[in-house]
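Residue numbers (this note's numbering): 102 to 447. To start, the structure itself, in structure tokens.
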Amino acid sequence: MHASRSDLLRQSGVARRSAGPPERTTLGWVQRSRRGGLLAGIGSSWLAAALLSATCGCDGVQEPAPGPAPHLRVETLDGGVLELSAPARRIVPTNSSAVDFLLALIGPERLAALPAQAFTYSLLDPRLADWDRSRTFHTYRAEDVLSLDPDLVVTHAWQSPDTTALLREAGVAVVRIPTVRAFEDVLDTVSFLGRALEVPRRAARFRGELERRRDALAAADRPPLRVLSYTNIGVGGWTAGTGTTAHLVIELAGLVNAAAEDGGHSHYRLDIERLLELDPDLIVVGVGDEVMSPAARYLRSEPAFRHLKALRTERVVELSVELFSTNSHHLLTAAERLAAYVDALD
């Protein structure tokens, strides 16, 4: 039996130790003792017989009747099963990537709320221009999400597993989509959400469009320039090797990730000496509302970098923060922007 949503909203995390009111079980009325034991309100001999009957499968104790068949049953990408009693109409995505994927397949009318980060890190859908900002939340916490009365929550494994567990205990359907490491992750996510949202044909068309765009990038005759993704907001430089979306974007554009050389993996710190050693042909940075990217400003102001090939040839590409940090199908758009920049070089 699922805990009620109101119970979980009141939950303090510490179980009450005092004896509570009688609690109904299949064997009769029982009450919890102060030490958490069970004091039966019925004769011990009858209780023993009932327990024996339930254990051996004898007559006298009926199994609970099966519930109604779910409206939808879909195997999830992490090996679980999603069951819905009706089409999802109050969906809550818990990060910008989930927002991007959902809005590629359905309209905003099926979303109960949006995470606040979507207005910074999602490639904002024009249909959200008039979105009521009161229908946003800032943290993936059970009480915040439950207050939105969702019928489906779409999250990632890296987000709070405790929150996911509490939501499921409250009877909320929660699915975790994968962090994108390869282009197949994008395609699998689109197909899965097409089934979960009951728009399989729309998902199939969208998947086909993504595959055609990927193939067009791969077919282009483009020089394999060495590219480096670079971040620096004043606390040191970072780059991205294999196993990152930046690596995937560079590969999709038909280019070479300089940060992946010599076994460079995941996101790692990049000091001045190492950046000078890599000396990439082109550097990609992210930019938000600033006139110039903080990383680009640092590169151009540091005297040690004046001889970097990318600085000498003025090959520093600024991608919007929505594309620079994307973990959804929009990484294909980032690859197309990067490829177009390279194609336009003299």
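A virtual CB, placed ideally from N, CA and C, is assigned to each residue, including glycine.
CB of residue i within 8 Å of CB of residue j, strictly
i, j, result
"Val-275", "Val-300", "no"
"Leu-183", "Val-175", "yes"
"Arg-277", "Asp-179", "yes"
"His-366", "Gly-344", "yes"
"Gly-342", "Ala-354", "no"
"Val-418", "Val-385", "yes"
"Thr-195", "Thr-237", "no"
"Asp-363", "Leu-326", "no"
"Leu-311", "Val-287", "yes"
"Leu-206", "Leu-318", "no"
"Trp-232", "Pro-262", "no"
"Ala-321", "Ala-441", "no"
"Leu-371", "Thr-346", "no"
Cα-Cα separation, residue i to residue j
i, j, result
"Asp-250", "Tyr-241", "14 Å"
"Gly-335", "Trp-259", "26 Å"
"Leu-432", "Arg-190", "27 Å"
"Leu-173", "Asp-380", "53 Å"
"Gly-387", "Ser-394", "6 Å"
"Thr-221", "Asp-444", "29 Å"
"Leu-229", "Ala-213", "13 Å"
"Phe-425", "Ala-170", "44 Å"
"Leu-267", "Val-273", "9 Å"
"Pro-188", "Arg-211", "10 Å"
"Leu-67", "Glu-437", "Outside the shown range of the chain, which is 102 to 447, sits residue 67, and nothing can be said about it."
"Leu-356", "Tyr-369", "20 Å"
"His-271", "Gly-181", "Note that residue 271 corresponds to Ala in the displayed sequence, not to His. Roughly 17 Å between the two C-alpha positions."
"Leu-377", "Lys-410", "9 Å"
"His-430", "Arg-315", "11 Å"
"Ile-143", "Val-246", "The predicted position of Ile-143 is uncertain, since its pLDDT is 38 and thus under 50; a value taken from the coordinates is nonetheless stated next. About 42 Å."
"Thr-434", "Glu-415", "23 Å"
"Pro-227", "Glu-374", "43 Å"
"Leu-139", "Leu-215", "Because the pLDDT at Leu-139 is just 37, under 50, the model does not fix this residue reliably, and the point stays unresolved."
"Pro-324", "Leu-446", "10 Å"
"Arg-398", "Ala-359", "21 Å"
Assumed close pair residue i, residue j - CB separation to whole angstroms, cut-off 8 Å
i, j, result
"Val-281", "Leu-349", "7 Å"
"Ser-197", "Ser-223", "4 Å"
"Tyr-200", "Ala-217", "Reading the sequence as shown, one finds Val at residue 200 and not Tyr. With a Cβ gap of about 11 Å, Val-200 and Ala-217 do not count as contacting."
"Phe-406", "Leu-294", "Actually they do not touch by this definition, with Cβ atoms about 43 Å apart."
"Ala-396", "Asn-333", "4 Å"
Boundaries (first-last residue) of the alpha helix (DSSP H) holding residue i
i, result
"Pro-301", "301-320"
"His-368", "Element bounds for His-368: not the alpha helix (DSSP H) but the beta strand (DSSP E), 368-370."
"His-348", "346-353"
"Val-385", "Note, Val-385: premise wrong, no alpha helix (DSSP H); beta strand (DSSP E) at 383-388."
"Ser-402", "395-402"
"Leu-377", "373-379"
"Leu-225", "Neither: Leu-225 is in no alpha helix (DSSP H) and is coded neither H nor E."
Short CB-CB distance (under 8 Å) between residue i and chain B
i, result
"Leu-203", "Among the chains in the structure shown there is no chain B, since it carries only a single protein chain."
Limits of the beta strand (DSSP E) - the one that residue i falls within
i, result
"Ser-429", "Unbroken run through Ser-429: none, as it is neither H nor E."
"Glu-419", "417-421"
"Leu-356", "Counting along the chain, Leu-356 falls outside any beta strand (DSSP E), and DSSP gives it neither H nor E."
"Leu-412", "Taken as a continuous stretch (DSSP letters only), Leu-412 belongs to no beta strand (DSSP E), being part of the alpha helix (DSSP H) at 410-413."
"Leu-253", "253-257"
"Val-246", "It is not in any beta strand (DSSP E) - Val-246 instead sits in the alpha helix (DSSP H) that spans 243-247."
"Ser-330", "327-330"
"Ala-232", "Sequence check: residue 232 is Trp here, not Ala. Neither: Trp-232 is in no beta strand (DSSP E) and is coded neither H nor E."
"Ala-341", "339-341"
> Unbroken alpha helix (DSSP H) runs of length 4 or more, entirely within the region 269-301: which are they?
Replying inline: With a minimum length of 4 residues, the unbroken runs of alpha helix (DSSP H) contained wholly in the region 269-301 fall at 284-297.
> Can you list the alpha helix (DSSP H) stretches of 4 or more residues lying completely in the region 170-223, in chain order?
Replying inline: Within the region 170-223, the complete alpha helix (DSSP H) segments of 4 residues or longer fall at 197-204, 219-222, listed in chain order.
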